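Visitor: I am attaching a structure below and will ask some questions about it afterwards.
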Amino acid sequence: MANTYSQIFIQLVFAVKYREKLITEEKRDRLEKYITGIIQNKNQKLLAIYANPDHIHILIGYNDLNVLIPDIVRDIKSDSSKMMNDENWFRGKFNWQIGYGAFSYSKSQVDRVSKYILNQKEHHKKQSFKQEYLELLTKFEIEYKEEYVFEFFDDL
Numbered sequence: 000m001a002n003t004y005s006q007i008f009i010q011l012v013f014a015v016k017y018r019e020k021l022i023t024e025e026k027r028d029r030l031e032k033y034i035t036g037i038i039q040n041k042n043q044k045l046l047a048i049y050a051n052p053d054h055i056h057i058l059i060g061y062n063d064l065n066v067l068i069p070d071i072v073r074d075i076k077s078d079s080s081k082m083m084n085d086e087n088w089f090r091g092k093f094n095w096q097i098g099y100g101a102f103s104y105s106k107s108q109v110d111r112v113s114k115y116i117l118n119q120k121e122h123h124k125k126q127s128f129k130q131e132y133l134e135l136l137t138k139f140e141i142e143y144k145e146e147y148v149f150e151f152f153d154d155l
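Right, here's the structure in full:
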């Protein structure tokens, strides 16, 4: 569209169903590359991605405003799940949990957020995903009910 300009940066965060640690280090690169293709096919720009064993962080430059964020997340989840299931990565069927977080950043924050995402392996030696996610919701002043925030089983 002529004379339409935007500069929007979104971090997407979502978890493996039941928070199972299913994404192995050996498969992580393949999954990240596959998701990169999904994002590019949606006319968005991937800035950083890291697939943890039980959740994923993705930072995109949200370029095509005709593509809705929920549609991007839906396609990432459904297409990547289909790929993993078609390639028989697991004994059972792989699914992502319902829901996701979408957090916006300014241009000046992109480098810091990218480094944070790419440093997830070290970060999670100090902080659980549950702590991290609740901290994001609090930092962004998002009202939530803890019983509706993913399915966390680390307290059991």
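Position one of the sequence shown corresponds to residue 0 (numbering that gives the first Met the number 0), numbered consecutively onward. Cβ atoms here follow ideal geometry from the backbone N, Cα and C, with glycine treated the same way. All values derive from a computational prediction rather than experimental measurement.
Secondary structure at residue 49, three-state DSSP: helix, strand or coil?
Guide: strand
Visitor: Would you mind sorting residue 6 into buried or exposed? The rule is 16 or more other CB atoms within 10 Å of its CB.
Guide: exposed
Visitor: If you follow the beta strand (DSSP E) that residue 56 is part of, which residue opens it and which one closes it?
Guide: Unbroken beta strand (DSSP E) run through residue 56: 54-60.
Visitor: Sort 25, 65, 49 by Cα distance to residue 41 and report the nearest one.
Guide: 65
Visitor: Which value, in whole angstroms, describes the spacing of the CA atoms of residue 112 and residue 87?
Guide: 33 Å
Visitor: Looking at C-alpha atoms only, which residue of 137, 16, 72, 57 is the closest neighbour of residue 45?
Guide: 57
Visitor: Taking the alpha carbon of residue 109 as the reference point, which residue from 91, 2, 10, 3 has its own alpha carbon closest?
Guide: 10
Visitor: Look at the alpha carbon of residue 90 and the alpha carbon of residue 119, and state the distance between them as a whole number of angstroms.
Guide: When rounded, the distance between both Cα atoms is 27 Å.
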